[in-house]
Amino acid sequence: MSASDFEERRGEAWSELDRMIEGVEKRRPGTDAGQLPRRFREACNDLALARHRMYDGHLVGRLNELVIRGYKLLYRARRKGAESFVRFVAVDFPAKVRAEWRLFWLCSALFWLPFLAMMALVARDIDWAQAVLRPEGMASMEQMYGGEEEQIAHLREVHGSNFMMFAFYIQNNVGIDFQIFAGGILACLGTIFFLIFNGVHIGAAAGYVNEACNPQSFWTFVAGHSSFELLGMVVAGMAGMKLGVGVLRPGRMSRAKSVGLAARDALPLIYGAGGMTALAAVVEGFWSARMLPADVKYGFGICMWLLHLLYFLVLGRGKRAA
96 MSASDFEERR
106 GEAWSELDRM
116 IEGVEKRRPG
126 TDAGQLPRRF
136 REACNDLALA
146 RHRMYDGHLV
156 GRLNELVIRG
166 YKLLYRARRK
176 GAESFVRFVA
186 VDFPAKVRAE
196 WRLFWLCSAL
206 FWLPFLAMMA
216 LVARDIDWAQ
226 AVLRPEGMAS
236 MEQMYGGEEE
246 QIAHLREVHG
256 SNFMMFAFYI
266 QNNVGIDFQI
276 FAGGILACLG
286 TIFFLIFNGV
296 HIGAAAGYVN
306 EACNPQSFWT
316 FVAGHSSFEL
326 LGMVVAGMAG
336 MKLGVGVLRP
346 GRMSRAKSVG
356 LAARDALPLI
366 YGAGGMTALA
376 AVVEGFWSAR
386 MLPADVKYGF
396 GICMWLLHLL
406 YFLVLGRGKR
416 AA
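Below, the structure written as structure tokens:
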């Protein structure tokens with residue numbers, strides 16, 4: 096095939112790609128940018144073919160310019176993906192949590208009230224801890240929180256390294272958040288159950304450590320990652336409750352469509368909860384298990400709670416966020 100025949104056959108596609116690139120570059124309304132990746136791949140193939148057949152420089156230069164312009168646009172689109180991620184973290188996620196403030200306080204109450212109630216009950220009668228933790232759970236707590244040196248030795252023996260601790264904690268924490276979120280499909284009942292269950296269980300564990308173990312080894316260990324983990328659990332509960340509302344109140348839609356829309360609306364919450372859970376595992380695996388002065392660990396934990404408070408109250412507001 097001669098160069099002129101090749102250009103005649105493929106010229107319209109190149110002109111279309113040129114118009115598409117120019118439309119995206121100048122942000123013209125109505126530009127079908129969705130076809131750009133396919134047209135770009137076709138132009139790359141045509142450029143390779145023109146070079147292989149050693150067509151004249153004018154034809155190869157035209158194709159080369161198209162490919163370079165298309166590549167720059169697609170590369171810029173990938174960079175915008177990073178910008179979208181930053182926007183989600185800095186604007187969309189905290190704004191979504193604030194917008195669902197009723198669910199936030201409801202899920203917080205479902206976790207914190209059982210937690211505090213169980214701590215108070217264990218302080219009055221340690222049999223409450225036995226009823227929740229069972230003897231094997233109590234023995235595990237004694238082994239883990241008998242003292243800081245015993246705690247570190249126990250963690251090293253069980254997990255072997257900080258990375259393995261991180262892997263274990265992220266698997267455990269993600270599993271809990273998924274249970275809380277997925278439980279919403281049972282008309283919110285599953286989410287409610289898992290929030291209350293975790294509040295009761297963690298409250299019983301904290302109360303038992305205060306009475307029968309070394310409290311400092313427990314509180315210094317959990318201080319650093321508690322804000323990430325517990326707030327992430329509450330946010331996962333918010334996502335599960337939205338899923339349950341879609342089941343309970345479909346309106347004029349079919350229940351399946353209602354659940355699908357509710358799940359889509361809950362995505363920012365579950366993405367944010369997953370990110371917080373991952374950060375909790377990082378802190379738990381690489382910071383909480385280190386032997387550091389108690390004041391340092393407590394100070395770090397307080398800073399994390401204050402930063403979370405500022406994050407959810409301040410970020411995503413004002414004209415810049417809009």
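Under the numbering used here, read the sequence shown as residues 96 to 417, first letter to last.
By construction, the Cβ of each residue, glycine as well, lies at the ideal position given by its N, Cα and C atoms.
Starting from the Cα of Leu405, find the closest Cα among Ala215, Ala190, Lys121 and give me that residue. Ala190
As an exercise, report each continuous alpha helix (DSSP H) stretch of at least 4 residues that is fully enclosed by the region 207 to 241, in chain order. 222 to 239
Note down the Cα distance separating Glu103 from Ile280, rounded to an integer number of angstroms. The C-alpha of Glu103 lies about 58 Å from the C-alpha of Ile280.
Give the secondary structure of Pro388 by DSSP, where H, G and I count as helix, E and B as strand, and everything else as coil. coil
Indicate whether Arg350 and Val340 have their beta-carbon atoms separated by less than 8 Å. no
His147 in three-state terms, based on DSSP: helix
Touch check for the region 222 to 239 and the region 302 to 309: three-plus C-beta pairs under 8 Å? yes
8 Å Cβ cutoff met for Met399 and Cys202: For Met399 and Cys202, no; Cβs fall outside 8 Å.
Where the alpha helix (DSSP H) through Asn305 begins and ends: 284 to 307 is the extent of the alpha helix (DSSP H) around Asn305.
Decide if Arg347 is buried, meaning its Cβ has at least 16 other Cβ atoms within 10 Å, or exposed. Of the residues assessed, Arg347 falls on the exposed side of the cut-off, its CB having fewer than 16 other CB atoms within 10 angstroms.
Rounded straight-line distance, which links the Cα of Gly396 to that of Ser322: 8 Å
Cutoff 8 Å; reference Leu284; Cβ partners in own chain excluding five residues on either side: Gly278, Gly339
Beta-carbon within less than 7 Å of Cys308's beta-carbon, same chain only, minus the 5 sequence neighbours each way: which residues are those? Met236, Glu237, Tyr240, Gly241
Straight-line Cα distance separating Gly106 from Asp419: Only positions 96 to 417 of the chain appear in the structure, and residue 419 is not among them; the question remains open.
Taking contact to mean at least 3 C-beta pairs separated by less than 8 Å, is the region 288 to 301 in contact with the region 362 to 374? no
Pairwise C-alpha distance: Arg193 and Gly369: 18 Å
What is the rounded straight-line gap between the Cα of Phe188 and the Cα of Gly367? Roughly 6 Å separates the two Cα atoms.
Simplified DSSP state of Glu120, which is helix, strand or coil: It is helical.
Check Arg344 in the structure and name its three-state DSSP category. coil
Any contact between the region 288 to 298 and the region 204 to 222? By contact I mean 3 or more CB pairs, one from each, below 8 Å. yes
Out of curiosity, what's the CA-to-CA distance linking Val409 and Gly156? 52 Å
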